[in-house]
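According to the UniProt record's numbering, the residues represented by the sequence shown are 1 to 817, in order. Ideal Cβ positions, reconstructed from N, Cα and C, are used throughout, including at glycine.
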Amino acid sequence: MKPTQQIQFDKASFQTSVKKHLSSTYATTIEKASSRAWYLAMGRALAELTTFDLLETEQDERIRNAKSVNYLSLEFLIGRLTGNNLISIGLYEEVTQAMGELGQSLTDLLEEERDPSLGNGGLGRLAACFMDSLAAQEFPTVGYGLHYEYGLFKQSFEQGHQKEAPDAWCGVEGYPWEIARPDLAQEIGFYGHVEVVQDNGRELRRWVPGMVVKAMPWDIPIVGYQSNTVYPLRLWECQAIAPFSLESFNNGNYFEAQHALIDAGNITKVLYPNDNHEKGKTLRLMQQYFHSAASVRDILRRHEEAGHTLASLPKYETIQLNDTHPTIAIPELMRIFVDEKGMGWDEAWVICSKTFAYTNHTLLPEALETWSESLIQRLLPRHMEIIYQINHLFLKEVRAKWPGDVSKQRKLSIIQEGFHRMVRMANLCVVGSYAVNGVAALHSDLVKRDLFPEFHELYPTRLHNVTNGVTPRRWLKFCNPGLSQLITDKIGKQWAADLDQLEAISQFADDTEFQQQFMAVKKANKQRLADWVQDNMNIELDTNAIFDVQIKRLHEYKRQHLNMLHILSLYHRLLNDADFDMVPRVFIFAAKAAPGYHLAKEIIYAINKIAEKVNNDPRINNKLKVVFLPDYRVSMAEIIIPAADVSEQISTAGKEASGTGNMKMALNGALTIGTMDGANVEIREEVGDENIYIFGLEVDEVERLHASGYNPYLYYNADPLLKASLELLVGDEFTPGEVGKLRSTYDSLLDGGDPYLVLADFAAYVEAHEAIDAQYRDQQGWAKKAILNTALVGKFSSDRSIRDYVNNIWQLESVKR
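In C-alpha cells form, the structure reads like this:
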C-alpha cells in the first residue's frame with residue numbers, strides 16, 4: 001500500500017480536478033466562482049486522494065487480520081479538516097502553490113470551511129485527538145459516531161443573552177471530506193414486543209420492533225500524520241426505510257404521507273436535544289441506541305467478512321465506550337448473540353465481557369447517566385429483559401463476595417430501586433467491560449476511592465488510568481505555525497510525531513535571544529486574535545496586556561463565575577483604591593451553555609453586561625477589558641489558544657475529570673492558574689511548582705468543608721473585597737435603570753449555598769492573580785516560565801495516551817511497516 005505522505009502529487013492534474021469540480025459539482029465557472037465554491041472544489045479534489053487510501057486501508061489484509069479498536073462516541077469535535085490533512089499528507093506547500101496559480105489564496109480558502117458540528121466540548125475533542133493519534137501511529141481503528149444534521153447550536157448574543165440557532169454545518173452543498181457508504185447501511189428497530197417461540201424444547205425470545213429505520217453511514221477519512229493508512233470516522237445518519245406513502249398522499253393526507261420520514265429524521269437532527277421533558281429523553285435514548293446498534297452490527301459485519309468466528313471477537317476487536325452514552329451496545333451485542341446467532345447465554349457473556357472497555361469522564365453524580373426502566377421497557381423491550389438477566393447474574397457474584405450485605409447489593413445493582421426504578425448505565429458499563437479507565441491520575445484515584453470503591457474491591461484489576469492528551473499536529477504545528485517553526489529551527493522537525501523531544505527546548509529557557517523570539521511569536525498570535533475581535537466585535541485590545549483565557553463549556557463546577565468575581569474585584573479596586581496598580585489585562589471567555597441550563601445562561605449574560613460597562617468606562621484607562629467570544633468551536637480555539645498568556649483551569653477540586661484545554665494552552669506557552677484538579681496535578685508535576693500558579697482547596701479539604709456544613713456567608717462577611725465585588729451584581733451598575741438583572745449568580749452563591757465553593761476559594765484566587773501580575777512585569781522571567789511550559793508538557797500528547805491504551809487495555813499492534 002502506498003504511504004499517504006508520498007502521494008504522487010501532480011499539480012496540473014490536481015488543478016484540473018479542482019476546475020472540474022467547480023463546473024460539474026458546483027455548477028459555476030472560474031470567472032464567477034465565489035471563495036466558498038473554490039474551497040469546496042479544492043476540498044473535493046483533495047478528498048479524492050484520501051478516499052482512495054481509505055478504501056485501500058479497508059481492504060489491507062494486514063489490517064483485516066490485526067486487532068482493531070472501535071471507538072464509540074456520540075461526539076467527535078474534529079474541527080476543520082483541510083489544513084490539518086494537508087499537513088498530515090505533506091502537501092501544504094504544494095497545494096498553496098497550486099491554488100495560488102489559480103488565483104486563490106489557500107489561507108483565505110481555509111477560512112471558508114465550516115467546523116463539523118459533531119460535538120459539545122472536551123469529550124468530543126478528545127475523541128478527535130484520539131482518532132488522529134491512532135491514525136498517526138497506525139493502530140487499526142474505526143471511529144463510530146452520529147451524523148448530526150445541525151450539531152449542537154450556533155451561539156450568538158442578543159443584548160448579552162445567549163441565543164441558539166441551528167448549525168447547518170454541511171450547508172446545502174454537503175461536506176467535501178465525507179463520502180456516503182450506502183452499501184454498508186443497517187436497519188435498526190425500536191418499540192414493538194418480544195415473542196416467545198419453542199425450538200426443540202428450548203424457549204427462544206425474539207424482538208419484533210414496531211418501527212424500523214435505516215442507518216446510513218458517512219465516512220470521513222482520518223489521515224494519519226506521515227503514516228501509511230487512512231482510517232474511517234463512520235457517522236450514522238438516520239433515514240426512513242419507506243419515506244413516503246403515495247397512498248396517503250393521494251388521499252389528501254399530506255402529513256401522514258411523510259410521517260415516517262419526519263420520525264426518522266429527528267433521530268439524528270441535533271446533538272443531544274434538551275432532555276428535561278419526556279419526549280427529549282426518548283429522543284436522546286433513541287440516538288444512543290441507534291448509534292450503538294448500527295456500530296455493533298457494522299463491527300460484526302467486518303469481523304465475519306474477514307473470515308473470523310464470533311468466538312474470536314475479543315481477539316480481533318475491542319469496543320471502547322467513550323462515556324456511558326453507548327452503553328446500550330452491551331445488551332445489544334448480547335441480544336444478537338443469543339437471539340439471532342443462537343448462542344447460549346454463558347458463551348455469549350464471556351465473549352461480550354471481553355470485548356468492551358469503558359472510559360469514565362465524570363465524578364459528578366448528576367452526570368452519571370440513568371434511564372427509567374419504563375422508558376427502556378417501552379423503547380427497547382428485549383434489551384430491558386437482557387439488562388435484568390445481566391443484573392441477576394451479577395448480583396449473585398455480589399452476594400457470593402458479601403453474603404447478606406444488602407447495602408452492597410443496593411449500591412452495585414444495575415437497577416436503582418425507588419419510586420421510579422432506574423437503570424444505572426455506568427454500573428452496566430463496569431459490569432459488562434473488561435477494563436474501565438479514568439482520564440487523569442487524580443480522577444482515576446477518585447473513581448476507585450469514591451465512585452466505584454465496591455467495584456474496585458470486587459474487580460481489583462479492572463480499573464485503570466489513562467491520562468488524556470492532545471494531538472500536537474493540530475494544537476501546535478497547525479494552529480501555531482510561528483512557534484512550530486521556532487521549535488523546528490532549534491531541535492529539528494520530528495517533535496510533531498514525538499512530543500517528548502520538546503524537552504530539548506528547555507535548554508534555551510534562559511537564552512535572551514530565544515526568549516525574545518518566543519515572546520515575539522506570542523505577540524503576533526495576540527495580534528491575530530485582537531484583529532479578529534476588532535473585525536467581529538468592534539472591541540480594541542492592547543496586545544501588551546496580559547491575555548487571560550477561560551475557554552470551556554459553561555458550567556458551575558468550571559467556575560466561570562469565580563473568574564467573573566475576580567474581574568469585578570479588579571474593577572472595584574481600580575475605581576476605589578487610588579494606590580492600586582495592575583498590568584493591563586484582557587479577560588477572554590468563550591463557552592456555550594446548554595439550552596436548558598438557566599444559571600449558566602445567566603452567568604453568560606452577567607459577563608457580557610459587565611464587559612459592556614468595563615470596556616467603555618474611561619475611568620479605568622483601558623487597564624481592564626472583557627471579551628466573550630461568541631460561538632466557541634475548534635476553529636476559534638485555534639486562534640485563542642496560541643494567544644493565551646494565562647490559562648484559567650479553576651474548577652472545584654475533585655470535579656474536573658481531566659481537562660485538555662489546560663494541556664493545549666501550556667503547550668502553546670501559557671501559564672496555568674488552577675486548582676489541584678484533573679490533569680492540573682500532572683501538569684504541575686511536569687512543569688514544576690515555580691512555573692504554574694496553583695491555588696485553593698484540595699480534594700480532601702473540599703470534602704471536609706462540605707461535611708462540616710459550609711456557610712458561604714462566613715466568607716462574604718469576612719472579606720470586604722469579596723463583599724464589594726458581589727454587591728456590584730445586585731444594583732444597576734451594569735444594567736442602568738434595571739436593578740437586580742444580574743442577581744442570579746449572587747443568589748446562587750449566597751442563598752443557593754455556593755455548591756462549588758466559589759467564595760471559599762476567592763481570596764486564594766485573588767492572591768494567585770497578584771503573583772501573576774507581579775511576574776508579568778519581569779518579562780524575561782515570564783518568558784522563561786512560558787518556554788518551560790511548552791518544553792515540559794510532552795507527556796500530554798494524545799500519542800502517549802493511545803500508547804497507554806494500547807499497552808494496558810487494548811493490546812493492539814501497530815501496522816507500521
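{"query": "Tell me which same chain residues have a C-beta within less than 7 Å of the C-beta of Ile-386, skipping the five on either side of it?", "result": "Pro-331, Met-334, Arg-335"}
{"query": "Using only alpha-carbon positions, find the residue among Val-18, Leu-118, Ala-774 that is nearest to Val-583.", "result": "Ala-774"}
{"query": "If you draw a straight line from the alpha carbon of Ser-433 to that of Tyr-715, how long is it in whole angstroms?", "result": "45 Å"}
{"query": "With H, G and I counted as helix, E and B as strand and the rest as coil, what does DSSP make of Ile-692?", "result": "coil"}
{"query": "Could you compute how far the alpha carbon of Val-95 sits from the alpha carbon of Thr-16?", "result": "13 Å"}
{"query": "Tell me which residues share the same chain as Val-793 and place their Cβ nearer than 7 Å to its Cβ, disregarding the 5 neighbours each side in the sequence.", "result": "Met-663, Ala-666, Leu-667, Ile-683, Glu-686, Val-687"}
{"query": "Please confirm whether Gln-527 and Leu-486 have their CB atoms less than 8 Å apart.", "result": "no"}
{"query": "Taking only runs that begin and end inside the region 719-764, name each unbroken alpha helix (DSSP H) of 4 or more residues, in chain order.", "result": "720-727, 743-749"}
{"query": "Got a sec, what are the start and stop residues for the beta strand (DSSP E) Met-211 sits in?", "result": "211-223"}
{"query": "Could you spell out where the beta strand (DSSP E) holding Val-447 opens and where it closes?", "result": "Note, Val-447: premise wrong, no beta strand (DSSP E); not H, not E."}
{"query": "Can you give the Cα-Cα distance for Gln-389 and Tyr-272, rounded to whole angstroms?", "result": "29 Å"}
{"query": "Whole angstroms is fine: what's the gap from Gly-737's alpha carbon to Gly-753's?", "result": "29 Å"}
{"query": "Considering Cα atoms alone, identify which of Ile-89, Asn-717, Tyr-150 is closest to Val-230.", "result": "Ile-89"}
{"query": "With distance defined between alpha-carbon atoms, name the residue in Arg-181, Ser-312, Met-99, Ala-12 nearest to Leu-54.", "result": "Arg-181"}
{"query": "Do Ile-78 and Gln-33 come within 8 Å of each other at the CB atom, strictly closer than that value?", "result": "The sequence shown places Ala at residue 33, not Gln. Contact flag unset, no."}
{"query": "On the three-state DSSP scale, how would you describe Phe-508?", "result": "helix"}
{"query": "Buried or exposed, going by whether 16 or more other CB atoms sit within 10 Å of the CB of Gly-210?", "result": "exposed"}
{"query": "So Asp-548 is in the beta strand (DSSP E); what residue range does that whole segment cover?", "result": "546-551"}
{"query": "Hey, which unbroken runs of the alpha helix (DSSP H) at 4 residues or more fall wholly within the region 578-617?", "result": "598-614"}
{"query": "Buried or exposed: Ile-241, going by 16 or more other Cβ atoms within 10 Å of its Cβ?", "result": "exposed"}
{"query": "Using 10 angstroms around the beta-carbon of Leu-419, count the other beta-carbons present and answer buried if the total reaches 16, otherwise exposed.", "result": "The question names Leu, yet the displayed sequence has Phe at residue 419. Exposed, since its Cβ has fewer than 16 Cβ neighbours within 10 Å."}
{"query": "Ala-257 by DSSP, collapsed to three states: which one?", "result": "At Ala-257, the pLDDT of 49 sits below 50, so the modelled position is not reliable and the matter cannot be decided from this model."}
{"query": "In the structure shown, what three-state DSSP assignment does Glu-113 receive?", "result": "coil"}
{"query": "Can you give the Cα-Cα distance for Asn-538 and Lys-408, rounded to whole angstroms?", "result": "59 Å"}
{"query": "Can you tell me which of the three DSSP states Tyr-713 falls into?", "result": "helix"}
{"query": "Given a threshold of 16 other Cβ atoms within 10 Å of its Cβ, counted over all protein chains shown, does Leu-86 qualify as buried or as exposed?", "result": "buried"}
{"query": "Quick one: complete beta strand (DSSP E) runs, 3+ long, within the region 162-214?", "result": "186-190, 193-199, 202-208"}
{"query": "Apart from the five residues on each side of it in sequence, which residues of its chain come closer than 6 Å, Cβ to Cβ, to His-586?", "result": "Checking the displayed sequence, the identity of residue 586 turns out to be Val instead of His. Excluding residues within five positions, the ones whose Cβ falls inside 6 Å are Leu-541, Ala-545, Phe-547, Lys-625."}
{"query": "Secondary structure at Val-18, three-state DSSP: helix, strand or coil?", "result": "helix"}
{"query": "Mapping the DSSP letters down to three states, classify Met-422 as helix, strand or coil.", "result": "strand"}
{"query": "Where does Phe-9 sit, in a helix, a strand or coil, going by DSSP?", "result": "coil"}
{"query": "Work out the CA separation of Lys-11 and Phe-157 for me, nearest whole Å.", "result": "44 Å"}
{"query": "For the pair the region 603-613 and the region 139-153, tell me if three or more CB-CB distances fall below 8 Å.", "result": "no"}
{"query": "Please state whether the Cβ-Cβ distance between Leu-483 and Gly-669 is less than 8 Å.", "result": "yes"}
{"query": "Can you tell me whether Pro-618 is buried or exposed? The criterion is at least 16 other CB atoms within 10 Å of its CB, across all chains shown.", "result": "exposed"}
{"query": "Please report the distance separating the alpha-carbon of Val-815 from that of Trp-475.", "result": "25 Å"}
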